[in-house]
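Novice: In the numbering used here, the protein residues as written are 1249 to 1679. No residue lacks a Cβ here, since even glycine has one placed at the ideal position from N, Cα and C. Predicted model only: the values in this text are computed from it and were never measured.
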Amino acid sequence: MRRTLGWLVLVWMMSARPGLAQSILYNSTETRLTEDFAWIPYAFSSASFGLGFGVGASYSGWPAEESSLIGAATLGTKFSYNFALGASDLRVPGAKRLYVEPLLILGKYQDQFIYAGRNNPGFEGQRAGANDSDADHYVEATQWDNRAEVLFRYLLPVGHGRDENTIISRYVLKEGLLASGATGGASWNPMTSGRTYLKLTPQVREQTYANDDLNAPLRTLNLETAVERENWDFPFNPTRGSYQRVAYTRDFDSDEALGEWDLWEVDLAKVFNLGQTGIFRQQVLALNGWTAYTPSWETDSVDGQAVVTRRPPPYAGATLGGLTRMRGFEDNRFQDKAAIYYAAEYRVIPEWQPLRHITALEWADISYWQFVAFVEAGQVSPDWRIDDLHSDLHIDGGVGLRGMLHKAVCRLDVAVSEEGLRITAMYGHPF
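Structure (structure tokens):
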């Protein structure tokens, strides 16, 4: 990994009592949770940071029992850095079903690969990031990346969020697996099963580079509107259920050539319970499908050269490659007007788990470890047509080691593609 953002979030989750859409997790021996402060130092090595050192901290249970305040700072020997400050599950006074989650991240990253621009030296006539683009068609530069957003989340009074006493999900766990408190998976009917949210997320983000040749949008001021349904029995690590999300994002940047883009996304997932055995506590098959389309994307001819206008930045649009989609490729490796993505994961939790009995690892509070095998396929295209989006699919696959640490699912995935091997670390399942 060239960045440490995945490591940063991983540390947050390890040092916090995690929450997912106003949720509280209890061990089967706990009766109530109290306010809690936790912090953890960490160190790592990456191409961007060199040797990186940092600290993550959280304060959980305030101002409400489901809330957390989170912060982290990271510095590297190559003078890369990032600082982050956020909060989760802050209830809006007077609105029992409305929550907000602010997030601020400031960072500088050395030696970044940016798959952006057209006619870069050595690749005249080509656009970086296109589905058939060369793996070496990128610009390497120092990157400054600053981002601020606020998520507004409203729980609809249907399904498992119908009653006021179910606004906060309370999951009781036994060695990391759900013992009671399921909030979905029993039926597909949203009126009787699952939790449905309306979400608004205003965001401002700007990336700048120590390179004047990049001709791609790097700034956005946008608003995402989404309808999301979590029909999992246990969203942190489901045994059964499904997920649906439809989102529309509109950019309001004043840049006439690059701004004012829009984006549609549809995200679907399903988990099938494959049952327990004498050696497996849990085994599931998880499937995911995602697609995105940018109606505003236009390709014009200027002085005989093709120029793309009204397109999202590489990190925000119909993009593949990175921590969650096409993990065998570099971050934001492929971008175009449309994209499609498929994934399948076989996840298994063995009965045998010796780590919880190792004294030196007691600080990690490891409830279980999980082994995963996965395969992914995806493609970007100049238009959203079924045949175009399946004419030249990129494929990768790999294995993962995951576990529940401090009631948060953390993952380390190793993926292989035609462009090499990548290792990604992050919190939560990719879907």
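Taking the beta strand (DSSP E) that H1642 falls in, what are its first and last residues?
Specialist: Counting from 1 along the sequence shown, the entry for residue 1642 is found at position 394. H1642 -> beta strand (DSSP E) spans 1642 to 1653.
Novice: Just confirm the distance between the C-beta atoms of T1539 and V1556, as a whole number of angstroms; I'd bet it's less than 8 Å.
Specialist: Residue mapping note: residue 1539 aligns to position 291 of the sequence shown, counting from 1. Residue mapping note: residue 1556 aligns to position 308 of the sequence shown, counting from 1. 20 Å between Cβ atoms; not a contact.
Novice: So what's L1256 in DSSP terms, helix, strand or just coil?
Specialist: Counting from one through the sequence shown, the residue named residue 1256 turns up at place 8. Reliability fails at L1256, whose pLDDT of 46 lies under 50, so the model's placement of it is uncertain and the value that follows must be treated cautiously. Here L1256 sits in helix by DSSP.
Novice: Buried or exposed for N1368, going by 16 or more other Cβ atoms inside 10 Å?
Specialist: Working through the sequence shown from its first residue, we reach residue 1368 at position 120. Burial call: buried.
Novice: Please identify the residue among L1568, T1607, F1679 whose C-alpha is closest to the C-alpha of H1642.
Specialist: Within the sequence shown, numbered from 1, the residue matching residue 1642 stands at position 394. Selected option, being the one with the closest Cα: L1568.
Novice: Among Q1358, A1458, I1353, whose alpha-carbon lies nearest the alpha-carbon of T1325?
Specialist: Mapped onto the sequence shown, residue 1325 falls at position 77. For T1325, the nearest C-alpha among the options comes from Q1358.
Novice: So for R1493, helix, strand or coil by DSSP?
Specialist: Start at 1 with the first residue of the sequence shown, and residue 1493 comes out as number 245. Strand, per DSSP.
Novice: What are the start and end residues of the beta strand (DSSP E) that includes G1334?
Specialist: In the sequence shown, counting from the first residue as 1, residue 1334 sits at position 86. Unbroken beta strand (DSSP E) run through G1334: 1329 to 1336.
Novice: Consult DSSP for G1409 and reduce its assignment to one of helix, strand or coil.
Specialist: By one-based count along the sequence shown, residue 1409 stands at place 161. G1409: helix per DSSP, three-state reduction.
Novice: Which residue marks the beginning of the beta strand (DSSP E) containing T1444, and which one marks its end?
Specialist: Indexing the sequence shown from 1 puts residue 1444 at position 196. Note, T1444: beta strand (DSSP E), 1443 to 1457.
Novice: Which residues share a DSSP beta bridge with V1475?
Specialist: For the purposes of this step, residue 1475 is taken as residue 227 along the sequence shown, with counting starting at 1. Its beta-bridge partners are L1446, V1494.
Novice: Return the Cβ separation of V1406 and P1438 in integer angstroms, given the expectation that the two are a contact with Cβ distance under 8 Å.
Specialist: The residue you call residue 1406 lines up with position 158 of the sequence shown. The residue you call residue 1438 lines up with position 190 of the sequence shown. Rounded, the Cβ-Cβ distance is 6 Å, consistent with contact.
Novice: Grouping DSSP H, G and I as helix and E and B as strand, with all else coil, what is R1265?
Specialist: Mapped onto the sequence shown, residue 1265 falls at position 17. At R1265, the pLDDT of 38 sits below 50, so the modelled position is not reliable; the number obtained from the coordinates is stated separately. In the structure shown, R1265 sits in coil (DSSP, three-state: anything other than H, G, I, E or B).
Novice: Using the C-alpha atoms, what's the distance from I1527 back to Q1583?
Specialist: Taking the sequence shown and counting its residues from 1, the one referred to as residue 1583 is at position 335. Taking the sequence shown and counting its residues from 1, the one referred to as residue 1527 is at position 279. Taking the straight line from one Cα to the other gives about 43 Å.
Novice: Which same chain residues, not among the five before or five after P1598, have their C-beta less than 8 Å away from its C-beta?
Specialist: Taking the first residue of the sequence shown as position 1, residue 1598 is located at position 350. Excluding sequence neighbours, P1598 sits near I1527, F1528, R1529, W1617, F1619.
Novice: Count Cβ pairs between the region 1371 to 1386 and the region 1313 to 1320 that sit closer than 8 Å; are there 3 or more?
Specialist: No: the two stretches stay apart, fewer than three of their Cβ pairs being nearer than 8 Å.
Novice: By how many angstroms is the C-alpha of A1656 removed from the C-alpha of S1293?
Specialist: Residue 1293 sits at position 45 when you count from the first residue of the sequence shown. Residue 1656 sits at position 408 when you count from the first residue of the sequence shown. Each residue's alpha carbon lies about 23 Å from the other.
Novice: Roughly how many angstroms lie between the CA atoms of T1487 and E1388, to the nearest whole one?
Specialist: Your numbering for residue 1487 matches position 239 in the sequence shown. Your numbering for residue 1388 matches position 140 in the sequence shown. The alpha-carbon atoms of T1487 and E1388 are separated by roughly 42 Å.
Novice: Kindly indicate the opening and closing residues of the beta strand (DSSP E) around S1316.
Specialist: Taking the first residue of the sequence shown as 1, we reach residue 1316 at position 68. That run of the beta strand (DSSP E) goes 1316 to 1324.
Novice: Taking the alpha-carbon positions, what's the T1414 to Q1391 distance?
Specialist: Position 166 of the sequence shown, counting from 1, holds the residue named residue 1414. Position 143 of the sequence shown, counting from 1, holds the residue named residue 1391. Approximately 44 Å, taken between the alpha carbons.
Novice: Identify the continuous beta strand (DSSP E) that holds R1345 and give its terminal residues.
Specialist: Counted from its first residue, the sequence shown places residue 1345 at position 97. Run containing R1345: none; DSSP gives neither H nor E here.
Novice: With E1513 as the anchor, note down where its beta strand (DSSP E) starts and where it stops.
Specialist: As a first step, residue 1513 is located in the sequence shown; it is residue number 265 there, counting from the start. 1510 to 1521 is the span of the beta strand (DSSP E), which, as asked, contains E1513.
Novice: On a CA-only basis, which of E1667, F1482, G1424, A1458 is nearest R1443? Give me that one, please.
Specialist: Within the sequence shown, the letter at position 195 stands for residue 1443. Closest by alpha carbon: F1482.
Novice: Between the C-alpha atoms of E1667 and L1333, what's the straight-line distance to the nearest angstrom?
Specialist: As a first step, residue 1667 must be located in the sequence shown, where it is residue number 419. As a first step, residue 1333 must be located in the sequence shown, where it is residue number 85. When rounded, the distance between both Cα atoms is 35 Å.
Novice: Under the three-state reduction of DSSP, which class applies to E1397: helix, strand or coil?
Specialist: Counted from its first residue, the sequence shown places residue 1397 at position 149. The answer is strand: DSSP assigns E1397 an E or B state.
Novice: Just confirm the distance between the C-beta atoms of G1648 and F1679, as a whole number of angstroms; I'd bet it's less than 8 Å.
Specialist: Taking the sequence shown and counting its residues from 1, the one referred to as residue 1648 is at position 400. Taking the sequence shown and counting its residues from 1, the one referred to as residue 1679 is at position 431. Rounded, the Cβ-Cβ distance is 13 Å, inconsistent with contact.
Novice: Between which residues of its own chain and G1507 is the CB-CB distance below 6 Å, once the five residues before and five after are set aside?
Specialist: Counted from its first residue, the sequence shown places residue 1507 at position 259. Cβ neighbours of G1507 beyond the five flanking positions: D1499, D1501.
Novice: W1512 and Y1541 - do their beta-carbons sit closer together than 8 Å?
Specialist: By 1-based counting over the sequence shown, the position of residue 1541 is 293. By 1-based counting over the sequence shown, the position of residue 1512 is 264. Yes, Cβ-Cβ distance for Y1541 and W1512 is below 8 Å.
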